[in-house]
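Encoded as structure tokens, the structure appears first; notes follow it.
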Amino acid sequence: MRAALPRIAGTVPVTIGTKWGQNVAIGPRVLGVLAVQGRVTRGANATHWRTSKPTWTTMRHWLGAEPELPDARAAYALLVGRWLRTFGPGTEEDIVWWFGATKTAVRAALTQTTRHTSSTASAMPCRRSGSTAGLSAAGRRTRRARCESCCGRSCLVITWISWRKRGNG
């Protein structure tokens, strides 16, 4: 890419006038933007497996076709659903804080995501079976509640407060 676009081989100054001001390479930032846009992805490693020297390739070349990217609303719903399955339970504030998203975007995503109850995203079903056995009236699993009806494991540990309210953000 540097050979085709020599202008991205340079650097640009950032945070001028501060003690941490420095020059940063343009190329990695351009690749990051292109990756976020779904235009390029990291390909095979340029050397052996012990060295991190990835090549970059187009999505069409890597996947055989251009991926269909979801619209913003569908993408937020997908991300929120995955966040809840991975880190849930959580509050609307947690999701806003983690994603750096607006409450409007998160509320719309929660509306599209079926894995929540009322105004919070706290009622998460068992990760293995989807069962909601053991949920309290507030949509929360009691501490050490087990999904006896399905897997017998403690699927959720409840008693949480918002990450944001813990002083983490």
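All you need for our numbering is the position in the sequence shown, starting with 1, plus 374. Glycine included, each C-beta is placed from N, C-alpha and C at the ideal position. Remember, predicted model here, so these are calculated numbers, not experimental data.
Contacts around residue i, its chain only, beta-carbon distance under 7 angstroms, and the 5 residues preceding and following it disregarded
| i | result |
| --- | --- |
| Pro444 | Leu452 |
| Val454 | Ile469, Val480, Ala483, Leu484 and Thr487 |
CA-to-CA distance, residue j to residue i, given in whole angstroms
| i | j | result |
| --- | --- | --- |
| Trp472 | Gly462 | 12 angstroms |
| Thr421 | Pro428 | 8 angstroms |
| Thr426 | Ile382 | Residue 426 is actually Ser in this sequence, not Thr. Cα-Cα distance, rounded: 21 angstroms. |
| Asn397 | Thr485 | 44 angstroms |
| Ala409 | Pro380 | 19 angstroms |
| Gly391 | Gly474 | 27 angstroms |
Contact check, residue i vs residue j, beta carbons under 9 angstroms
| i | j | result |
| --- | --- | --- |
| Met433 | Gly401 | no |
| Trp430 | Gly417 | yes |
Beta-bridge partners of residue i, as assigned by DSSP
| i | result |
| --- | --- |
| Thr415 | Thr431 |
| Ala479 | DSSP output for Ala479 lists no bridge partner at all. |
| Gln396 | Val388 |
| Gly438 | None; Gly438 has no bridge partner. |
Cβ distance (whole Å) where residue i is taken to contact residue j below 8 angstroms
| i | j | result |
| --- | --- | --- |
| Ala482 | Arg447 | 6 angstroms |
Sequence-distant residues of its chain with Cβ nearer than 6 angstroms to residue i (five each side left out)
| i | result |
| --- | --- |
| Gly384 | Ile400 |
Other residues of its chain near residue i: CB distance less than 8 angstroms, five sequence neighbours each side excluded
| i | result |
| --- | --- |
| Val414 | Leu405, Leu408, Trp430, Thr431, Thr432 and Met433 |
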